[in-house]
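Novice: Under the UniProt record's numbering, the residue at position 84 of the sequence shown is numbered 84, and the numbers go up by one with no gaps. Ideal placement from N, C-alpha and C gives every residue a C-beta, glycine not left out. Given the structure is predicted, the values throughout are model-derived calculations rather than measurements. The structure under discussion is supplied below as structure tokens; questions concerning it will follow.
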Amino acid sequence: MDKSGIVRILETTLDERMQHAKKAMDAAQQSANEQGKSSVGDKYETARSMGQLDRDMFARQYESARQERLILERINPQEVHKQVTLGSVVDTTAGWFFVAVSFGKLAYLQESVMVVSSLSPIGRALLGKSAGDSFDFMGKKQQINAVE
């Protein structure tokens, strides 16, 4: 499995999420600022507060994507692992996993890869394991075929 290709897709997707969140954050802030120019009293305060809440929500989304992007930057796609750690691609009887960030299912080269955080339950179950080891996933015992 080509780790560098998976990392590139994840980086691009996270960059797009950051751009979208930044634009939405700026638009919400602008909307909140404009409410102060045209409204008076409680109506003004409510509209301004709603705009600020929207801005804060988009700021959290931006920061979350930025933190995940920083985690991806720590991964060396050329590095091959013997034990599962951050940046490992793991072939198991339950399918392919990439231990990186919480992303979910990713279609890559006609394969389905679950991109999981090392802090997720499945990530924690895989950490430190090697080819031939077993782990529990969704109540079933699974086997690790290979670690890359």
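Check each candidate in Q142, G87, V147 and name the one with the smallest Cα separation from R69.
Specialist: In the sequence shown, the residue the question calls residue 69 occupies position 69. Answer by Cα proximity: G87.
Novice: Could you tell me whether the Cβ atoms of V90 and F103 are closer together than 9 Å?
Specialist: Here residue 90 is taken as the residue at index 90 of the sequence shown, counted from 1. Here residue 103 is taken as the residue at index 103 of the sequence shown, counted from 1. No.
Novice: Quick one: any contact between the region 130 to 147 and the region 49 to 68, if contact means 3 or more CB pairs under 8 Å?
Specialist: No, the region 130 to 147 does not touch the region 49 to 68.
Novice: Cα separation between Y108 and I6?
Specialist: Position 108 of the sequence shown holds residue 108. Position 6 of the sequence shown holds residue 6. Their Cα atoms are separated by approximately 7 Å.
Novice: In its own chain, which residues sit with a C-beta less than 6 Å from the C-beta of S117, not counting the 5 before and 5 after it?
Specialist: Position 117 of the sequence shown, counted from the first residue, corresponds to residue 117. Excluding residues within five positions, the ones whose Cβ falls inside 6 Å are V101, S102, G123.
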